[in-house]
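Everything below concerns the one structure shown next.
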Amino acid sequence: FLYVSLFRLKDLEVPKLGDSDVHVKMLAAPINPADINMIQGRTYAILSPLPAVGGNEGVGEVLEVGSRVSALKRGDWVIPANAGLGTWRTRGVFPEEMLLKVPSDIPVLCAATLSVNPCTALRMLTDFETLAPGKPSAKQQEFWGDLPVSSARKTWIYSHPGDSVIQNAANSGVGQAVIQIARASGIKTINVVRDRPDLPQLVERLMALGADHVVTEEMLRKPEMKDIFKSTPKPRLALNCVGGKSTTEMLRHLQPKGTMVTYGGMAKQPVMVPVSAFIFRDVRLRGFWMTQWRKDHVQDQESVAGMMDTLCQLIRRGQLSAPACTEVPLQDYRAALEASMKPFVSSKQILLL
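Read left to right, the sequence shown gives residues 167 to 519 (the working numbering).
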């Protein structure tokens, strides 16, 4: 629970620009579940000293740079390099190393939601299992046709049945990014959502993003799941953002020696795994936190740049879009915070700054 009345909209003086600082005009910033968890202070690993500015993600435009700033200039778009920047503001002065430059030719909502959910999705899809694509679509065949790939390799790519991924909270920001990135990579997805009054509309929207299958948590326990695996191989990778029974049921469908990655705990319940899953199927349980990945790669900016470039290319090709968003003026922040905590809400609240 979050007391929205604890928040205040205040006018503060912009700090003086230092030699290594960047003056940024924020354009847009989302309200993510991690922002709420950080404010609640119960389960999140980062706690900002109070009083604090909320928000870990967003995009801004550079207004002015200090004399020692070399990588950024006026007019550039920037996003936070790490969590805890405090993006729910109209302007801010930040050290250069706390910012990442992003191209300004992508939609502003894509840029505002780029640094957390798509990055998390891409890392989980690539860092834990080597997933092979199945028979490509016409667009993918055209893409491969332009690459210097041997004929034997192309034949293998086209004939391989491909791998699949199963995920819960599939309508979340990360879930929507997983669907799109997997689709672009030729990986099939089995997407688990909670039952809800508008389930048919949600299924339709996820299928339009590229989902192969959408099932409810209750369906995970039913024999009908066998029908899915007649056309789709059992997943080698499971992505868990919920915990509790949802995770246990999802794990039942994982291939032997498969990996389940936990990156969230929306149910606030522990991950429960039968002993037999370890002994007889040798499944692996891992965890992922995008903030920790950035800390581990602070000296490896090539990997960071490569990740951002991959995502921006997908955006430019129309293969990765921003999650369903509701744009809210900053002065209506209370309504946005309340909306972000309502159950069965698939639209991300975006503060326009």
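Every residue gets a Cβ at the ideal spot worked out from N, C-alpha and C, and that includes glycine.
The C-alpha of Arg387 lies about 7 Å from the C-alpha of Glu415. The DSSP assignment places 365-375, 391-397, 410-417 as complete runs of the alpha helix (DSSP H) inside the segment 345-426, in order along the chain (cut-off: 4 residues). Annotated as distal: Met473 and Leu265, with beta-carbon spacing of 8 Å or more. Excluding five sequence positions before and after Arg482, the CB atoms of its chain that fall closer than 7 Å to its own CB belong to Ile272, given in chain order.
The DSSP-derived three-state label of Thr292 is helix.
Short of 7 Å from the beta carbon of Leu229, and not among the five residues preceding or following it, lie these beta carbons of its own chain, in chain order: His189, Val190, Lys191, Arg240. The Cβ atoms of Ile212 and Ala247 do not sit closer than 8 Å to each other. Here Pro495 is bridged, per DSSP, to Leu518. When Cβ pairs closer than 8 Å are counted between the two stretches, the segment 393-410 is seen not to touch the segment 366-375, the count staying below three. Residue nearest to Trp459 within the set Val470, Glu223, Val344, Pro181 is Val470 (criterion: CA-CA distance).
Boundaries of the beta strand (DSSP E) around Ala194: 187-196.
Scanning its chain for C-beta atoms nearer than 7 Å, with the 5 sequence neighbours on each side dropped, one finds around Ala277 the residues Val225, Trp243, Ile245, Val268, in chain order. A direct Cα-Cα distance of roughly 14 Å separates Thr492 from Leu519. In chain order, Met426 place their CB closer than 6 Å to the CB of Leu451, counting only its own chain and leaving out the 5 sequence neighbours on each side. Nearest in C-alpha terms to Pro284, of all of Gly339, His379, Pro215, is Gly339.
In this chain, the beta strand (DSSP E) harbouring Lys267 covers 265-268.
Of the candidates Val359, Arg418, Leu486, Thr286, Arg418 places its Cα closest to the Cα of Pro389. Looking at the backbone, the Cα of Val439 and that of Ser281 are separated by about 31 Å.
Using a Cβ distance threshold of 8 Å, Ala195 and Thr253 count as a contacting pair. A distance below 6 Å between beta-carbons, with the five flanking residues on each side excluded, links Ala377 to the following residues of its chain, in chain order: Ile345, Thr355, Asn357. About 5 Å separates the beta carbon of Glu262 from that of Val235, a gap short enough to meet the 8 Å contact definition. Judged by their CB atoms, Asn222 and Leu178 are not nearer to each other than the 8 Å cut-off. In this structure, the straight-line span from the alpha carbon of Met432 to that of Asp185 is close to 42 Å. When the Cα atoms are used, Val437 and Met290 turn out to be separated by approximately 18 Å. As DSSP reads the structure, Trp459 sits in no beta bridge. Taking every protein chain shown into account, the CB of Ala350 has 16 or more other CB atoms within 10 angstroms, so this residue is buried. Look at Phe260 here: in three-state DSSP terms it is strand. Closest option to Val259, judged by alpha-carbon separation, among Ser270, Gly232, Arg360: Gly232. Looking from the CA of Gly352, the closest CA among Gln333, Gly300, Thr292 belongs to Gly300. Secondary-structure assignment with DSSP links Pro246 through a beta bridge to Leu265. When the beta-carbon positions are compared, Ser506 and Ile197 come within less than 8 Å of each other.
No Cβ-Cβ contact shorter than 8 Å links Arg174 with Val219.
From the listed residues Trp455, Ser171, Ile347, Asp393, the smallest Cα separation to Gly484 is found for Ile347.
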